[in-house]
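Protein chains in written order, with our numbering: chain A, 1 to 527; chain Y, 528 to 1054. We put the beta carbon where it would ideally sit given N, CA and C, even for glycine. Here the structure is a predicted model, which means the values were calculated and not measured. What follows is a single structure, written as structure tokens, with notes after it.
2 protein chains.
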Amino acid sequence: MLLSEPEGFYLYDTTLRDGSQQEGIQLSVADKLRVVDLLDGLGVPFVEGGWPGANAKDTQFFAAAREMRLRQAQLVAFGATRKAGSKASKDPLLEALVGAGTEWVCIVAKAHPGHVTSALKTSLDENLAMVADSVEWLVNQGKQVIVDAEHYFDSFLGDEGYARSVAKTAAEAGASWVVLCDTNGGMLPTQISDVVSQTLTIGVPLGIHCHNDTGCALANSLAAIDAGALMAQGTMNGYGERTGNLDLVPLIGDLHLKYGWSLLTAEQLGSLTHVSNAIADIAGQPRQPRQPYVGASAFAHKAGLHASALKVDENLYQHIAPASVGNQMRMLISDASGKANVEMKARELGIDVSGEGVVSDIVETVKSREAAGYSYEAADASFELLSADVAGRLRKPFEVTRWRAVTMGDADVDSSEAQITLMVGGERIVRVGEGNGPLDALADGLRQGLVASFPTVENYELVDYRVRILDTGRGTDATVRVLIDTIDEASHRWTTVGVGTNVVSASWEALADAYLYGLVKGYGAAN
Amino acid sequence: MLLSEPEGFYLYDTTLRDGSQQEGIQLSVADKLRVVDLLDGLGVPFVEGGWPGANAKDTQFFAAAREMRLRQAQLVAFGATRKAGSKASKDPLLEALVGAGTEWVCIVAKAHPGHVTSALKTSLDENLAMVADSVEWLVNQGKQVIVDAEHYFDSFLGDEGYARSVAKTAAEAGASWVVLCDTNGGMLPTQISDVVSQTLTIGVPLGIHCHNDTGCALANSLAAIDAGALMAQGTMNGYGERTGNLDLVPLIGDLHLKYGWSLLTAEQLGSLTHVSNAIADIAGQPRQPRQPYVGASAFAHKAGLHASALKVDENLYQHIAPASVGNQMRMLISDASGKANVEMKARELGIDVSGEGVVSDIVETVKSREAAGYSYEAADASFELLSADVAGRLRKPFEVTRWRAVTMGDADVDSSEAQITLMVGGERIVRVGEGNGPLDALADGLRQGLVASFPTVENYELVDYRVRILDTGRGTDATVRVLIDTIDEASHRWTTVGVGTNVVSASWEALADAYLYGLVKGYGAAN
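Set out below in structure tokens:
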């Protein structure tokens, strides 16, 4: 039995503070404001914005954020307890925290004796006084205070008494919440569960803050919630230092779709995939295809066994309806796929595969080409061209009869040029292209050759180019697979594939297919 | 309290079967054999190799794998129960399973009534007969049989009786193990724990097989183990369909370093990072920086953290010692760490970097080149050439003054040729090379130009060629990094790097450096 929804449970996002500790993430003030807007729209009640005073950018951020009209989110400013041996009222960082102008503040307090003596270099009693003073002073300034008890679990498992007295001190000084932190991320669910249960009696509600160093940040957070924690701190997509923080995205999925809670509206839940992707894009991080609920592969099926069952009933191999989180089911075409995959994929793409033996012929063609190194999993456009060709329905608007690409260099510079011979409507066309590499030069030549007959090709843009060596260990004879993504101005996007032992030929194959597909579909015209 | 180590607990790897269902993974027979060797070295007791009969490549794989000398791993062939309404002895797939020649086999059995009636389209009783017959027949063929009970948890939570009778039937028919599968990956740890506990009495040991659709594959597997499961099926790096399978890498970390078990030797555990990375490379998957225990960021600390404090007590900041899993602590790049890195690397490679300002100059050069996309982590040979050049100690045995590579094709064939102009000892040499792609042709031309003066170049072989696009999303203007591995007959192996927006130029840079390095080191002579 999973826990039914308690009164007053809260999600707390710290993407903008703890999440941006991740290697490779650097957010501008404008980036941060966009993330706040996305989280507010998603329905996250607490959004931590940064550490004012410690960081000039975060001070600017809070000044700008005060101008935002938030629908429901509470912005939280982050800080720490006062310095040892001074007064809370004289602490410039606590001053800056109040100056952020938020109703809510969160301060980190040391809860581990070793850290108090080694890192703060002060006494255990002074640390307790720092917690009490800081909370009291902030409450007197009219703030609602959340206390993050750092290293709480490590501390509790070593010296239960001191950890508990830090939490109790915070509660008695007027904190609204005490959040227990697994700062080093080394805990497992049963340990989290035990410690949370034994801390429930301090008089204020508890929160949980997990890192993923054992691979259990999510399960640890669920264990804490099962034990009575009423707030979960985490980040979007699990961003954070080292292995990252709790990923709020699957937490939201699990609490809604497994526990049956209703923290967000159905519409907000349906935006989860979009919000996750948008924040990945803002953070400059690759989207994670395997991310639970929202990943591009989360509902992608490859095995022929699964595909034939899915044709009968989609629920047979899916744990939830993908649309509930704004995601979708995808069929993958591979050498492991059978007729059912091809039929479902054709239906998904709107390709006509009726006709005696057409599906079997497509399966055979896909299998032999996949054996040669092609991959149609990502290259829907090449699959569609192949299917139309096998079905006898492909009319090619142009044919390339010859091509050559030359790359040359000396000690200082290099350059590429290409020559393309095309047949378009019975006419022979020869063009020379130039570019920054052979593919660029070939694309230039092909565009020149086509533009008189098909002016829309001017609107095709190659936006992604991926090369993978398939049989490493074969040296310069290795087979290479090239994937090319193309877009037009009307936001069509299509992927084509080319394969061969010659990287230029394989790139050219994918490129020529990209133009062929765009023309067959009539892409490139203004919408 | 975490569970102490039970007698007879086993890791079971299915990277080669369930893992290769992941979008983007396609393993050749040679790839699969390399993975088996790595897993055997790591100390994984069961390695599932594929589905013979269902897949021609897997049949070939088992034929080749029989020739391997494994240290301790048991290879397992995978299959399914016999078809409905037929006989086990007449089932071609069961025949192929036996034909794989392994001592152990694993078959999947339907355990969910809905799947039996909708997908198999047979009766619940016939499904039980299929389980019993198939297991009995395989046992009579001398096999040790593992039964994967598909959708066991969904089934048990709906109709406890049928799920249990499938497991019991398998046990009574002679299966050595029954593995309970969360096939859709929709479970949470408390559910897994309940169901495993209630299935313990069937008479044979239980295994667990989890997928990560709720983000809890690892915690679910730990919950099953805590409840008494004695085998965990998973994949390296969590590869698998949709959100992936249980990642064995953090499972190994958690069981060793948190539970205190000793499944692997300390040396094997110390190879965990290497094995994880090597399998990612073979699978053509990006390494995951945030992967627990083995990720490049797993022990990376932000710059503000004091190195002196880490020296006092690393345990304050890290949940385990990174070296125990073959990983390392990393401080974020700073000028100080840059110098220290270069000095340590130079010492490791035996490069002389004495001389006023040489190390600083190397640091500056490395920084500007890494900013441009170079990576010297893997390319020790290019780093050594760069260091020698900066130190003024590089004497080049040849200089390339001009080069060109032409690739051409028509509807049927493609070919490449290259022209190289070299200066060797004051003499100008021009040669034309041919090959299977521009790099192959350039290599041919360069070899021809050098062989008269340096006959040892005949013994250089390019054995690996890797291309990575650094800035995806830039289309044909993307920056490309090329790594080339070269060997000679005396088993020297060296790696060089080239970078640029032109894939041919970047390849050429790495290739020319490979020859230059070999000649500078005097490689290629018979030992």
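| Asked | Found |
| --- | --- |
| Suppose only complete runs of 4+ residues qualify. What are the alpha helix (DSSP H) ranges in the segment 572-634 of chain Y, listed by chain order? | 583-592, 619-626 |
| What are the boundary residues of the alpha helix (DSSP H) that includes tryptophan 508 of chain A? | 503-521 |
| At a cut of 8 angstroms, does the segment 451-458 of chain A reach the segment 981-996 of chain Y through at least three beta carbon pairs? | no |
| Taking 6 angstroms as the limit between beta carbons, can you name the residues of its chain near threonine 1013 of chain Y, skipping five residues before and five after? | Tyr987, Leu989, Trp1021, Ala1041 |
| With DSSP as the reference, label alanine 354 of chain A as helix, strand or coil. | Note that residue 354 of chain A is serine in the sequence shown here, rather than alanine. Correct three-state label for serine 354 of chain A: coil. |
| With a threshold of 9 angstroms between beta carbons, is threonine 401 of chain A in contact with chain Y? | yes |
| Examine the Cβ distances between the segment 959-976 of chain Y and the segment 899-918 of chain Y and report whether three or more of them are shorter than 8 angstroms. | no |
| Quick one: what does DSSP say leucine 2 of chain A is sitting in, helix, strand or coil? | coil |
| Grab the span of the beta strand (DSSP E) containing tyrosine 231 of chain A for me, first residue to last. | Reading off the sequence, residue 231 of chain A comes out as methionine, not tyrosine. Its beta strand (DSSP E) spans residues 231-234. |
| Whole-angstrom Cβ separation of proline 6 of chain A and leucine 230 of chain A, contact assumed at under 8 angstroms? | 6 angstroms |
| Measuring straight from C-alpha to C-alpha, what distance separates glutamate 23 of chain A and alanine 173 of chain A? | 36 angstroms |
| Taking the C-alpha atoms as reference points, what is the distance between alanine 834 of chain Y and glutamine 855 of chain Y? | At alanine 834 of chain Y the pLDDT is 46, less than 50, meaning the model places this residue with poor confidence and gives no usable figure here. |
| Any idea if asparagine 667 of chain Y is buried or exposed, counting beta-carbon neighbours within 10 angstroms, 16 or more meaning buried? | exposed |
| Taking Cβ-Cβ distances shorter than 9 angstroms, what residues in chain A pair up with alanine 807 of chain Y? | Correct list: empty, because the minimum Cβ distance to chain A is about 12 angstroms. |
| Contact between the segment 598-605 of chain Y and the segment 644-658 of chain Y is defined here as three or more beta-carbon pairs at a separation below 8 angstroms; is this criterion met? | no |
| Report the residues of the segment 655-677 of chain Y with a CB closer than 8 angstroms to any CB of chain A, ordered along the chain. | none |
| Within the 9 angstroms Cβ cut-off, does methionine 595 of chain Y reach chain A? | no |
| DSSP beta-bridge partners for asparagine 245 of chain A? | A/His211 |
| For the segment 714-733 of chain Y against the segment 667-681 of chain Y, do three or more pairs of beta-carbon atoms, one drawn from each stretch, fall closer than 8 angstroms, so that the two count as touching? | yes |
| I'd like to know whether the C-beta atoms of glycine 498 of chain A and leucine 511 of chain A end up nearer to each other than 9 angstroms. | yes |
| Taking C-beta pairs closer than 8 angstroms, name the residues in chain Y that histidine 319 of chain A reaches, listed in chain order. | Asn711, Gly712, Gly713, Asp740, Thr741 |
| Would you tell me roughly how many angstroms separate the C-alpha atoms of threonine 1023 of chain Y and aspartate 545 of chain Y, rounded to the nearest one? | 35 angstroms |
| Could you pull the start and end residues of the alpha helix (DSSP H) that leucine 38 of chain A belongs to? | 29-42 |
| Any contact between the segment 262-271 of chain A and the segment 738-749 of chain Y? By contact I mean 3 or more CB pairs, one from each, below 8 angstroms. | no |
| Do we get a CB-CB distance below 9 angstroms when we pair phenylalanine 299 of chain A with the residues of chain Y? | yes |
| Using only the alpha-carbon positions, how far apart do valine 917 of chain Y and alanine 119 of chain A sit? | 41 angstroms |
| Note down, in chain order, every chain A residue with its Cβ under 7 angstroms from the Cβ of leucine 745 of chain Y. | Gly215, Cys216 |
| Quick one: any contact between the segment 944-960 of chain Y and the segment 425-432 of chain A, if contact means 3 or more CB pairs under 8 angstroms? | no |
| Give me the Cα-Cα distance between valine 563 of chain Y and phenylalanine 573 of chain Y, rounded to the nearest whole angstrom. | 10 angstroms |
| Could you pull the DSSP bridge partners for glycine 498 of chain A from this structure? | A/Val482 |
| If I'm right that histidine 736 of chain Y touches glycine 767 of chain Y with Cβ under 8 angstroms, what's the distance once you round it to whole angstroms? | Contact flag wrong, Cβ pair sits at about 10 angstroms. |
| So what's tryptophan 403 of chain A in DSSP terms, helix, strand or just coil? | strand |
| Determine whether the beta carbon atoms of asparagine 237 of chain A and aspartate 226 of chain A lie at a separation below 9 angstroms. | no |
| For aspartate 888 of chain Y, go through chain A and note every residue whose CB falls closer than 9 angstroms to its CB, in chain order. | The contacting residues do not exist; aspartate 888 of chain Y stays about 21 angstroms from chain A at best. |
| As a quick exercise: from Y/Gly771, Y/Thr541, Y/Arg814, Y/Val693, pick the residue whose alpha carbon is nearest that of aspartate 660 of chain Y. | Y/Val693 |
| If you draw a straight line from the C-alpha of alanine 84 of chain A to the C-alpha of alanine 65 of chain A, how long is it? | 31 angstroms |
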